[in-house]
Amino acid sequence: MDQDPTRTNDTDRSPTLRSHDWFGRLDKMGFVHRSWMKNQGHPDRMFDGRPVIGICNTWSDLTPCNAHFRSLAEHVKRGVYEAGGFPLEFPVMSLGEILMRPTTMLYRNLASMDVEESIRGNPLDGVVLMTGCDKTTPSTLMGACSVDLPTIVLPGGAMLNGKFQGEDIGSGTDVWKFSDELRAGCMSLAEFRTAESCMSRSDGHCMTMGTASTMACMVETLGMTLTGAAAIPAPDSRRRRTAHETGSRIVEMVEEDLRPSQILTRHAFENAIRVNAAIGGSTNFVVHLLAIAGRVGVDLSLDDFDELGSRMPLLVNLMPSGEYLMEDFYYAGGLPAVLEELRDDLHLDALTVTGRSLGANTDGAPCHDREVIKSADEPLSEEAGLTVLRGNLCEDGAIIKPSAASPELMQHRGPAVVFETIEDYHERIDDPDLDVDKDSVLVLKNVGPKGYPGMPEVGNMSLPQKLLKEGVRDMVRISDARMSGTAFGTNVLHVAPESAVGGTLALVEDGDPIALDVPNRRLHLDVPEGELARRRAAWTPPPTPHSERGYIRMYLDHVMQANEGADFDFLLGRSDSTVERTNH
Ligand code: FES
């Protein structure tokens, strides 16, 4: 039964909520705001001053990892209604890794702008961010941080383990392996095609500790999800239950006025860096965490990742650094079990969306399988975090993930084999006459933020076919690109400044000796300074495709380098939730 229509909204429970400025008005625009919304069947009481919760949905058929989000959102709504809120679901740009060209990273900042303006421009008091595929987590969180309304993240969960020929197989990680096996003639095309169906067999995102899983663990460690939300498999009913609880909790957060700026402190970021090392998280974590820190005004630099993370032990035995998959991780205890193991290294007093501290949320969290989640006393490896490299080839830094690399290549010197562009690489990598051997260092230029543009995941470039056939499975590879979080190999990534803006990487020529020394954090191009000066004077910037107009023009004018998170310079910081003028 609807409430008495003559009743005014001066009985509002929370007239101070920002949504009241839309739905609480008793004038022409109040009529307009309420009337048109009623065409969806909402009763009058939905406009009585109860918290209005935006459900920011990154569902898309073009983003298979998030394709189950429409039904998942219904469970969030149940929770919101139960707690006395008014849920309103809205779509935002969805970035699917699998189909989008030239790379979703080109659009991360655009998606964050969509999220920021969609939240600020609408009558919302709090927001649930539904995230899954890689970029959908940082883009939505970056946007929400710039508005700073009460916000909670609901990760969508990983796919069930892939199963092929009696073995578990992991998204991404086994694609690279199968692809190399096929090219080396060790796998038939029929087997290759069968494996496709066996790999992706349920709702959810990549089930290795790739970027999506890393991002889910990142937001849980940052305190932005309910406890244990990161690891629940997408098809598991507990994922839907968590969606329900998330919907209920955001209503309480609005009542408590608990905002991201209170949760995302420097301590929360330090926790995230340490935990990322312990889980063997993706290298993409670096650019995304830097960008999120930039939105909330936390001072974070590339060196923090080395200083805080590089000496952390690897505890989680998941591909690509280990053997297992996210489903196993959940059954073993998930992220709370890791946090419990790392208590001595974490800021346990960091506030979370639960309203309690990270330490209180995870105190006593059990581990059910020590094969999957190791103890701090007996880790998988002693020092697992990302290493930040410096040297004349990367004045502003580069990164490498030692846990996914070959120990024998951690100190290596070899001659460069240079590819000027990704097209050049594709054209020549399998040329039988390519002058390359297992000691060569593969160098790929013009794949950074401005060069590609968009800094794609091509840093884990496949090895030359002729070396694969000889049994070579890893080589040192250097680029200004990123690599997929599911990938492995001795890949030096995120070289800054990138080659397209004239970084030293642009000056490397075939045969130049390059020295990689991971223990000493050094990456050196062994060419005399005078010769480098001569090459620098002769260097001209490469052309950038499709750069004359539109979004790519804006991207090129404003994107920062990888060591700064590759956000736009004008998006740093936040503008809060105020909108100075109304729409009439
Ligand atoms: Fe979406 Fe891997 S492709 S998470």
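The numbers in the working numbering rise by one with no breaks, and the one at position 126 of the sequence shown is 244. The beta-carbon is built from N, C-alpha and C at its ideal position, and this holds for glycine as well.
Residues near residue i in its chain [Cβ-Cβ closer than 7 Å; skip 5 each side]
i           : result
residue 519 : 401 and 504
residue 283 : none
residue 238 : 265, 695 and 697
residue 298 : 580 and 586
residue 469 : 341, 380, 381 and 475
residue 617 : 563, 564, 566, 569, 598, 623 and 624
residue 419 : none
residue 126 : For residue 126, the predicted model reports a pLDDT of 45, less than 50, meaning its position is unreliable; a value from the coordinates is still stated below. Hits under 7 Å: 144.
residue 493 : 459
Range of the contiguous alpha helix (DSSP H) that encloses residue i
i           : result
residue 283 : Note, residue 283: premise wrong, no alpha helix (DSSP H); not H, not E.
residue 337 : 329–340
residue 248 : From DSSP, residue 248 is part of no alpha helix (DSSP H) but of the beta strand (DSSP E) over 244–249.
residue 392 : 384–397
residue 358 : 355–374
residue 402 : 402–414
residue 258 : 254–265
residue 194 : 187–200
residue 238 : 226–238
residue 544 : 540–546
residue 379 : 378–381
For residue i, the three-state DSSP class (helix, strand or coil)
i           : result
residue 688 : helix
residue 523 : coil
residue 216 : coil
residue 465 : coil
residue 322 : coil
residue 487 : coil
residue 480 : helix
residue 605 : coil
residue 119 : With a pLDDT of only 41 at residue 119, under the threshold of 50, the placement of this residue in the model should not be trusted, and no figure is reported.
residue 612 : coil
residue 621 : coil
residue 291 : helix
residue 160 : coil
residue 558 : coil
residue 697 : coil
residue 642 : strand
residue 679 : coil
Residues near residue i by beta carbon distance below 6 Å, same chain, minus five either side
i           : result
residue 372 : 169, 243, 244 and 268
residue 218 : none
residue 528 : 636
residue 477 : 466
residue 701 : none
residue 177 : 184, 187 and 188
residue 261 : 230, 233 and 234
residue 608 : 523, 524, 527, 592 and 594
residue 429 : 501
Buried versus exposed call for residue i [16 or more other C-beta atoms within 10 Å across all chains shown]
i           : result
residue 516 : buried
residue 525 : exposed
residue 304 : exposed
residue 258 : buried
residue 355 : exposed
residue 323 : buried
residue 255 : buried
residue 627 : exposed
residue 431 : buried
residue 296 : buried
residue 156 : exposed
residue 435 : buried
residue 180 : exposed
residue 658 : exposed
residue 664 : exposed
residue 119 : Because residue 119 carries a pLDDT of 41, less than 50, the predicted location of this residue cannot be relied on, and no value is offered for it.
residue 638 : exposed
residue 236 : buried
residue 134 : exposed
Residue i beta carbon near ligand 2 (any heavy atom closer than 7 Å)
i           : result
residue 668 : The ligand content of the structure shown is limited to ligand 1, which means ligand 2 is not among them.
Same chain, Cβ closer than 8 Å to residue i, five either side skipped, listed in chain order
i           : result
residue 678 : 567, 684, 685, 686 and 687
residue 130 : Residue placement at residue 130 cannot be trusted, given a pLDDT of 49 that sits under 50; the coordinates are not used to answer.
residue 121 : Note on residue 121: pLDDT 47, under 50, position unreliable in the model; no value is reported.
residue 491 : 433, 434, 435, 447, 450, 451, 455, 456, 459 and 485
residue 348 : 273, 331, 334, 335, 337, 338, 452 and 453
Residue-chain proximity (residue i, chain C), Cβ-Cβ < 8 Å
i           : result
residue 677 : Structure shown: chain C not included; a single protein chain is present.
Endpoints, beta strand (DSSP E) assigned at residue i
i           : result
residue 627 : Careful: residue 627 lies outside any beta strand (DSSP E) and carries neither H nor E.
residue 208 : 204–209
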